[in-house]
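Peer 1:
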Amino acid sequence: MSATGIGAAVRRKEDRRFITGTGHYTDDINRPGQAYAYFVRSPHAHATIKSIDTKAAAAMPGVLAVLTGAELAADKIGNLICGWMIHSKDGSPMKMAAHPALANGKACHVGDPVAVVIGETLAQARDAAEKVKIDYAVLPAVADPAAAQKPGAPQIHDIAPKNTIYQWSLGDAKAVDVAFKSANHVTKLDIINNRLVPNAIEPRAAIGEYDSGAGTFTLWNTTQNPHVARLVIAAFIGMAPEHKLRVIAPDVGGGFGSKIFIYPEEVVALWAAKRVGRPVKWVAERSEAFLADAHGRDHVTHAEMAFDAEGKILGLRAKTIANLGAYMSTFSSSVPTYLYATLLSGQYEIPQIYCEVDAVYTNTVPVDAYRGAGRPEATFVVERLVEVGAREMGQDPAELRRKNFVKKFPHQTPVIMMYDAGDYNASLKRAMELADYKGFARRKRESARQGKLRGIGFSTYIEACGIAPSQAVGSLGAGVGLWESAEVRVNPTGSVEILTGSHAHGQGHETTFAQVAAERLGIPIDNISVVHGDTDKVQFGMGTYGSRSGAVGMSALVKALDKIEAKAKKVAAHMLEAAEGDIEFKDGKFSVAGTDKSAAWGDVALNAYIAHKFSGQELEPGLKEGAFYDPTNFTFPAGCHICEVEVDPETGNADIVGWTAVDDFGVVINPMIVEGQVHGGIAQGIGQALCEGAVYDKDGQLVTGSFMDYCMPRADHLPPLKVDMTVTKCPSNPLGIKGCGEAGAIAAPAAVINAITDAIGTEQLAMPATPQAIWAALQKTNRMPQAA
Amino acid sequence: MAAQKGAQTATVSMTVNGKPVTGDIDPRTLLVQFLRENLRLTGTHVGCDTSQCGACVVHVNGKAIKSCTVLALQLEGADVLTIEGLAPPNGPLHPMQEAFRENHGLQCGFCTPGMIMTAVDMVRRKGHDLDDRTIREELEGNICRCTGYHNIVKAIAAGARAMRGSATTSKAAE
Amino acid sequence: MYAFTFHRPQTVRQAAGLLAKNGDAKLLAGGQTLLPTMKLRLAGPPQVIDMTLIEGLSGIEMSGRSLTIGAMTTHNDVNTSPVVQQAIPSLAKLAGMIGDPAVRHRGTIGGSIANNDPNADYPAACLGLGATIITNKRRIKADDFFTGMFSTALEPAEIITKVSFPIPKKAAYQKFRNQASRFALVGVFVSKRGSEIRVAVTGAGANGVFRVASFEEALKKRFAPKSLEGMSIPADGMNSDIHGSAEYRAHLVGVLARRAVAEAIGKSA
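Chains as they are written, first to last, in our numbering: chain A, 360 to 1147; chain B, 10 to 183; chain C, 2 to 270.
Okay, here's the thing in C-alpha cells:
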C-alpha cells in the first residue's frame, strides 16, 4: 500500500476550499442580471384552488412576473414523474397521479407550490407573494397512512381509489403459512417506522438561465445526479431538448437522498428564466425545506417471525402500509418494495418470507429515498423481531442470531437477493469484544447504583448496495439503468483528469477516486483531478445514492484505467521499440520485460500526444479512455452494531453511553473517509430512534416544521463511537468494494430501540423514543433500577 | 412614517477581516446577507431560519455570534471576522482549520465555516485543554448532518491544543 | 422580514419617546428572539428601536445585599461574571444554559424578561429569587411582573433598565430541555433566603412562569429534597404539546424541584 493509494487514510483534497470558506455552493453563485423566485405555497393540506388573483402582486415594486399553474400548462411544461414502475399483485400498474410543478386546480399538501413571484430582489418577491390572492375551498385531509385506505377517507387523486397507489407482494404466502403452522414460537410486532426530514444543512437551491441566442438552458442545482435531472427535465418535463440543457451540480452541502429527486422548484427556475429573460435564483429557507424536500420512511407494519423449538427461524411475514405523500416522487415507488422487502431475510437463513406492501397517497409532503431507503425499515423489522423473539424465548440475543446466520455463500434468499460474500459471525464476535459484552452485567449494576436503568441492544444488519445491475433493476420496474461511467483524460504533461458520473456531496470522491488512479498509474495524487457534477463535462452518469459510488463508479474508473494502460503500453512499445506484449507497467514506469529499457509515465503521456514515434495509421494519438460499468450483482455490506443506553427512570431520558460498530464493507479505499461515513450514518440512525420525527396533525399541518420542533441530533446526543471493520472481499466488482454510505443509518435504529427496551422492560416503545415516550412506557412497567 | 417603509436605506460601516467596508442597505439586511451579498464573502452560510444551525457563525468584536440573527445596522463600527479572514489568503491555515482537515472533521463542508469559527471562540473562552464533554456541550448551537460530530469533536480538541503553540496566528488574523 | 424603519436612540428617554409615538414599535435588544420572529414574518413591527447605542444599560454590580444587572447585559456576561458567580452562582449557571454560546453573546437579560417566553429561563430566576425589575418609570416585583404567556406588567413606553436580585442563602436551577429547541421543557428554580422559600417553574405552565405554593410550604419545614418526596402538581393548567403532555410536565416539575433542592444544599438527589 502506497501513502496515497488504496487503503491509505489520505487527507481530503477537497477540504482546503471548505475550511477556508472558498467553496462554491449553488447559493454562492450569482449570475449577471439575476432575479429571485419566491414560491407561494398552499397553507392547506387539501384544497381546491377556485381562483388566483395575481394583479396586486404583479403591481408591487420590483416584480418581474407572477406565474401560476395555468401559465405552466399553457407553456406545455410537463409533469414531474416517478421513474420506477411497480405493479400490484393483480397485475395493474401503479396509480401515478399528475404532478405539475405548480398546482393546477388543486393543492394536495401544505407547501404544495401554487404560484411563483419573480422579483428584482428576494425581499421584493417575498413581499409581493403575500399579495397573491388565492381562493381555496378547503377539503378534508388525511395524513396518517393507516387511515388513508379506510372508508370515508378523503380521496386525493381520482386515479387512485382508496388512495391506494399499489398493492404489491413478494414471496410465497402459502409456504409461509405452512412454516408458521409448524412453529414452536411466533413473535409478533406492530411497528411504526417514523417519518423523517432529511435536512441536509445546505438547503436546496436552483439557478435557471436561458440563452435566447443559442436557445440553451443552464441549471445550477443542488443535485446528487445532474444527468438524471437533465434527462427528466428534457424528456419528461419538456423544458428543452437534452442537448440544449446543461445541469451543473457545484459543491453540494449534503444530500442523504433528498437531492436525488427532480423537484418543482428547479423546473420553475428554468421556465421562469426563459419567461422573464433573466437568470432566476431560488434558495429554500429551512422552514420551506421542511415543506418542499421529500421526506423519508413513514411505514406502518405488522410483522411476525416463526421459530422452531431450538430457536431456528422458520419464516417471516410482514404487512406494510407505506406513505408516499401527496405525489409520487422520482424513485418513491421502489423504496418500500424492492429496496425494502428484498432485505427482510437480514443476515439469516429464513426459509420462507412473505411481504405485502400497500403504498398510499396522503396529504403530506412526498416521501422518497432517505439514507438507507427501505433497508433501514427492513432492518428494523428483522432486528426487532429477532431481539424480541430471543427475549420471549429466554435465549441470549447474540446466540440466537449466531444460530440463524447465513454461513455459506453464495446464498439465495427467498426474496430475490443472492448474498455473495460475508462473515456475519466475525463482525458479531469482534463487536462483542469491543463493546465488552461480558462486562455489561457489571455496568448495569453500577448504573443501578446511580439510579439508572442500563440496557444493551444489537443490530446485525445487511443491506443491498452498489445499486445496481441494469438488467435486474429493469426487470423490477426501474425506468433507467444503474451503471456508472468514467473517463480518464491523460494530459501531455502526464497529469490526469478523472471524469465520473458519480457526484460527491460530502463523500470525498475528489480524494478517493484519485487514490484509485494514483495507485494504478503510480503518479502523485496531486497530479490527479476529479471532475464531476457538470453535464457539459461528464458525458453521462447516474449519480450518487445507494452506496454505489465506490462499487459502481470506481469500477467504471478501473475499467477506464484498464483501457488507458493498454493504450499507454502501445505507445510505450513504439517508444521503446519493443513488442507490445513485452511491455510491463509498474509504479508509473513502462519497461521491456527482461531488459533495463524503460519509459516514465510522463514521457509516455507526452509521446501519446506528440505522436512522433508512431504513425497515425497504426495508432491513434492521444490518451483518453472512457468506460461504462454495469454491476453484475448488488453488493451486501453487513455488520454488527451494539448500543448501550442508560435511562433515567424519573425523566425518561435515554443517554447513549456506548456505541460499537463493526462493519464489513469489503475493500476500503480510504479508512478515514469510510469511518466518517459510518459516524454520520449512525448519527442519523440514532436521530431516528431517539428524537427525529415529522408529525402531522389531523388537518395535515406539519407540526414539526422547523428545527424548533424537529429535533436534529446535536453533538451532546451522541457518544464517541467505536468503529472497526472486518473484511470479506466483494466478489462481484474489480476492487472488491461493498459500499459504506448508508450502513450506520440502516443499523442504528434497531440497536437503539433494542437497548432501550432491554433497559425498561417493555417492547411497547415507538420511535422516536423521546424522554416523554420512555417515561410513559415506564409508567406501565414500573421498572426501577436493581442494584443487586 | 409609513411612506418611508421599504424605501428607506441606511449606511453602515464596519471592519471586516481587517478591511474597512461601507454599504447602503435596506435596514432589514442581516449581517449574513451583508457579508454574502454586499461583500461577496460567501464562506458564511445559512442553514436554517431559527438561529439554531450555526452555519453562519462569525466573530464580532472577538466573540462568536450568529450572523443570521443580527442586523448589519446594529454593527456600526464593529470588527467582524469571517472564515475568509481566519488565515491569510494563500498562507498557512489557522491551526483549527488544519485540525479539521487532519481529523476529517468535515464532509460536505457546509456547516464547517461556522463550526471552525465556533471552535476558535470556544478555545478563547475555555482554553486549550478541551475534553469531549465540554466540546459537545459547547457545540449546542452548531448542527452537522454529515459527520455524527465524532471527528468534529476530535478536530476541535486537536485544534485547541495546536492553538496553544501559535496563539499569535489567531491574534494576528483578528 | 417585513420592511421597517430603524431607529438608534442614544438615551432611554429617546427610546421611550419613540415607543410612545409609535405604538407598534419594537425594542431591539440582543435580538435573539425578535429577529428570528421577524425573519419568519411572525412579527412585523413597522418601527424597530435598536438599544445598542444607549449607554449605561449593561453592567453587573453588587449594591448592598442585592445584585444588580443592567438590562443590556448579555447572558454570556452574566454567566462568566465573577461577581455573579460569587453572589448567586445558580444565576450564573442559568445564564450559561440559555441558547448556545453564540446566542449568549448577543441575548440580554432585559430582552428575555420583557419577552417572557413561557419556556425561557430568566423568568424562573426572577420569580425564583424574588427579583425586582427596574424600569424607566418604576420598580416592579417579579411576582407582579410576569402576567402570562408573552405578557408582562410593562406599560407602553416602559423600558426595563435593570434587574435587581436579592442574595439567597441557597439556590439552584434545574432545566430539562426540549430536545429540539433547547428551551426549557420544564425548568425549576428554587431558593431559600431567611425564611422565604421560592419555587418557580418555567416551561410547564400554560400561562407562563409560576410559583408552587405547596412545594414552598413543604420546604419551609425543612429545605431538603425529602420534603418534596412523592409530591407533584396537578396536570391541569400545564402546557401540552408534542414535546410533553401536561401529565409529563407536571411530573417533571416534581422531579426537577427535588433535584434543584438537592443541588442547592450540595447533595445529589
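Just so it is clear, CB atoms sit at the ideal spot from N, CA and C, and this is done for glycine as well.
Give a yes or no on whether 8 Å exceeds the smallest Cβ distance from T178(B) to chain A.
Peer 2: Your numbering for residue 178(B) matches position 169 in the second sequence. Its pLDDT being 45, under 50, T178(B) is placed unreliably in this model, and the coordinates cannot settle the point.
Peer 1: List the residues of chain C whose Cβ lies closer than 8 Å to the Cβ of G150(B), in chain order.
Peer 2: As a first step, residue 150(B) is located in the second sequence; it is residue number 141 there, counting from the start. Residues of chain C passing the Cβ test: G100, D101, P102, A103, V104.
Peer 1: Would you please state the rounded distance, in angstroms, between the beta carbons of T1085(A) and R789(A)? I believe it to be under 8 Å.
Peer 2: Position 726 of the first sequence, counting from 1, holds the residue named residue 1085(A). Position 430 of the first sequence, counting from 1, holds the residue named residue 789(A). That belief holds up - the Cβ atoms of T1085(A) and R789(A) are roughly 6 Å apart, short of 8 Å.
Peer 1: Please state whether DSSP places P472(A) in a helix, a strand or coil.
Peer 2: Position 113 of the first sequence, counted from the first residue, corresponds to residue 472(A). Strand.
Peer 1: Considering only the beta carbon of each residue, do F739(A) and I550(A) sit closer than 8 Å?
Peer 2: Numbered from 1 along the first sequence, position 380 holds the residue referred to as residue 739(A). Numbered from 1 along the first sequence, position 191 holds the residue referred to as residue 550(A). Yes; because the gap between Cβ atoms is below 8 Å, this pair is in contact.
Peer 1: Considering only C-alpha positions, which residue in the set V1006(A), M687(A), Y720(A), F615(A) is nearest to L439(A)?
Peer 2: As a first step, residue 439(A) is located in the first sequence; it is residue number 80 there, counting from the start. Residue M687(A) is the option with its Cα nearest to L439(A).
Peer 1: Please classify F211(C) as buried or exposed, where buried requires at least 16 other C-beta atoms within 10 Å of its C-beta.
Peer 2: Residue 211(C) sits at position 210 when you count from the first residue of the third sequence. It counts as buried.
Peer 1: Residues of the segment 106-127 of chain B in Cβ contact with chain A at a cutoff of 7 Å, in chain order, please.
Peer 2: Listed by position, the residues of the segment 106-127 of chain B near chain A (Cβ gap below 7 Å) are Q106, F109, R110, E111, H113, L115, Q116, C117, G118, F119, C120, T121, P122, I125.
Peer 1: G1011(A) and I1133(A) - do their beta-carbons sit closer together than 8 Å?
Peer 2: Against the first sequence, residue 1133(A) aligns to sequence position 774. Against the first sequence, residue 1011(A) aligns to sequence position 652. Yes.
Peer 1: Taking only the alpha-carbon atoms, compute the straight-line gap between G1025(A) and V79(B) and give it to the nearest angstrom.
Peer 2: Residue numbering aside, residue 1025(A) sits at position 666 when the first sequence is read from its first letter. Residue numbering aside, residue 79(B) sits at position 70 when the second sequence is read from its first letter. Between G1025(A) and V79(B), the C-alpha separation is close to 49 Å.
Peer 1: State the Cα-Cα distance for the pair R250(C) and V256(C), rounded to the nearest angstrom.
Peer 2: The residue labelled residue 250(C) in the question sits at position 249 within the third sequence. The residue labelled residue 256(C) in the question sits at position 255 within the third sequence. Spanning the two alpha carbons is a distance of roughly 10 Å.
Peer 1: Quick check on DSSP: helix, strand or coil for Y686(A)?
Peer 2: Translated into the one-based positions of the first sequence, residue 686(A) becomes position 327. It is coil, neither helix nor strand.
Peer 1: Beta-carbon of I144(B) versus every beta-carbon of chain C: anything under 8 Å?
Peer 2: On the second sequence, residue 144(B) is found 135 positions in, with the first residue counted as 1. Taking Cβ atoms only, chain C never reaches closer than 8 Å to I144(B), which makes this a no.
Peer 1: Against chain C, with Cβ distances strictly below 8 Å, would S646(A) count as a contact?
Peer 2: Working through the first sequence from its first residue, we reach residue 646(A) at position 287. Yes - at least one Cβ of chain C is within 8 Å of the one on S646(A).
Peer 1: Our contact map puts G748(A) next to T546(A) with C-beta atoms below 8 Å; I'd like the distance itself, whole angstroms only.
Peer 2: Counting from one through the first sequence, the residue named residue 748(A) turns up at place 389. Counting from one through the first sequence, the residue named residue 546(A) turns up at place 187. Going by Cβ atoms, the distance from G748(A) to T546(A) rounds to 4 Å, so yes, they are a contact pair.
Peer 1: Using the beta-carbon count (16 or more within 10 Å), is R240(C) buried or exposed?
Peer 2: Here residue 240(C) refers to the residue found at position 239 of the third sequence. At residue 240(C) the sequence reads Asn, which differs from the Arg that was named. Buried, because 16 or more other Cβ atoms sit within 10 Å of the Cβ of N240(C).
Peer 1: Indicate whether L1124(A) and A1136(A) have their beta-carbon atoms separated by less than 8 Å.
Peer 2: Here residue 1124(A) corresponds to residue number 765 of the first sequence, with the count starting at 1. Here residue 1136(A) corresponds to residue number 777 of the first sequence, with the count starting at 1. A contact, by the Cβ cut-off of 8 Å.
Peer 1: If you follow the alpha helix (DSSP H) that S950(A) is in, where does it begin and where does it stop?
Peer 2: Counting from 1 along the first sequence, the entry for residue 950(A) is found at position 591. Segment 948-951 is the beta strand (DSSP E) holding S950(A); no alpha helix (DSSP H) there.
Peer 1: In or out: E939(A) buried (at least 16 other Cβ within 10 Å) or exposed?
Peer 2: On the first sequence, position 580 is the one that residue 939(A) refers to. Exposed, since its Cβ has fewer than 16 Cβ neighbours within 10 Å.
Peer 1: What residues in the segment 175-186 of chain C have a beta carbon less than 9 Å from any beta carbon of chain A?
Peer 2: Under the 9 Å Cβ criterion, the segment 175-186 of chain C contributes F177, N179, Q180, A181, S182, R183, F184, L186.
Peer 1: Would Q809(A) be called buried (16 or more neighbouring beta carbons within 10 Å of its own) or exposed?
Peer 2: Taking the first sequence and counting its residues from 1, the one referred to as residue 809(A) is at position 450. Counting Cβ neighbours within 10 Å, Q809(A) comes out exposed, since fewer than 16 surround it.
Peer 1: What is the rounded straight-line gap between the Cα of S192(C) and the Cα of C77(B)?
Peer 2: The sequence position of residue 192(C) within the third sequence is 191, counting from 1. The sequence position of residue 77(B) within the second sequence is 68, counting from 1. Their backbone Cα atoms lie some 37 Å apart in a straight line.
Peer 1: Are at least three pairs of beta-carbons, each pair with one atom in the segment 79-98 of chain C and one in the segment 11-20 of chain C, less than 8 Å apart?
Peer 2: At 8 Å Cβ cutoff, the stretches do not touch.
Peer 1: The beta strand (DSSP E) that contains Q48(C), what's its start and end?
Peer 2: The count along the third sequence starts at 1 and reaches residue 48(C) at position 47. 48-51 is the extent of the beta strand (DSSP E) around Q48(C).
Peer 1: Buried or exposed for D955(A), please, with buried defined as at least 16 other CB atoms from any protein chain shown within 10 angstroms of its CB.
Peer 2: As a position in the first sequence, residue 955(A) is number 596, starting the count at 1. Classification for D955(A): exposed.
Peer 1: Measure the alpha-carbon distance for S196(C) versus E218(C) and round it to whole angstroms.
Peer 2: Within the third sequence, the letter at position 195 stands for residue 196(C). Within the third sequence, the letter at position 217 stands for residue 218(C). Taking the straight line from one Cα to the other gives about 11 Å.
Peer 1: Quick one: what's got a C-beta closer than 6 Å to P119(C)'s C-beta in the same chain, skipping five residues either side?
Peer 2: By 1-based counting over the third sequence, the position of residue 119(C) is 118. Within the same chain, P119(C) has close Cβ partners M150, G209.
Peer 1: How about Q17(B): is its C-beta nearer than 8 Å to some C-beta of chain A?
Peer 2: Mapped onto the second sequence, residue 17(B) falls at position 8. It does not; no Cβ of chain A falls within 8 Å.
Peer 1: Any C-beta of chain A sitting closer than 8 Å to the C-beta of M232(C)?
Peer 2: Sequence index remark: in the third sequence, residue 232(C) carries index 231 (1-based). So no, M232(C) is outside the interface.
Peer 1: How would you call H159(B), buried or exposed, if buried means at least 16 neighbouring beta carbons within 10 angstroms?
Peer 2: Taking the first residue of the second sequence as 1, we reach residue 159(B) at position 150. Result: buried.
Peer 1: Do A87(B) and V132(B) count as a contact pair if the criterion is CB distance below 8 Å?
Peer 2: Position 123 of the second sequence, counting from 1, holds the residue named residue 132(B). Position 78 of the second sequence, counting from 1, holds the residue named residue 87(B). Cβ distance not < 8 Å, so V132(B) and A87(B) don't count as in contact.
Peer 1: Roughly how many whole angstroms lie between the Cα atoms of Q61(B) and P557(A)?
Peer 2: Taking the first residue of the second sequence as position 1, residue 61(B) is located at position 52. Taking the first residue of the first sequence as position 1, residue 557(A) is located at position 198. Approximately 16 Å, taken between the alpha carbons.
Peer 1: Going by DSSP, which residues form a beta bridge with V545(A)?
Peer 2: Sequence index remark: in the first sequence, residue 545(A) carries index 186 (1-based). Note: V545(A) sits in a beta bridge opposite A665(A).
Peer 1: If we ignore side chains and look at the alpha-carbon of each, how far apart do M419(A) and Y395(A) end up?
Peer 2: For the purposes of this step, residue 419(A) is taken as residue 60 along the first sequence, with counting starting at 1. For the purposes of this step, residue 395(A) is taken as residue 36 along the first sequence, with counting starting at 1. Near 14 Å, if we compare the C-alpha coordinates of Y395(A) and M419(A).
Peer 1: Report buried or exposed for S974(A), applying the criterion of at least 16 other Cβ atoms within 10 angstroms of its Cβ.
Peer 2: Translated into the one-based positions of the first sequence, residue 974(A) becomes position 615. Burial call: exposed.
Peer 1: Is the separation between the beta-carbon of A462(A) and that of T721(A) shorter than 8 Å?
Peer 2: Sequence index remark: in the first sequence, residue 462(A) carries index 103 (1-based). Sequence index remark: in the first sequence, residue 721(A) carries index 362 (1-based). Result no, Cβ atoms of A462(A) and T721(A) do not sit closer than 8 Å.
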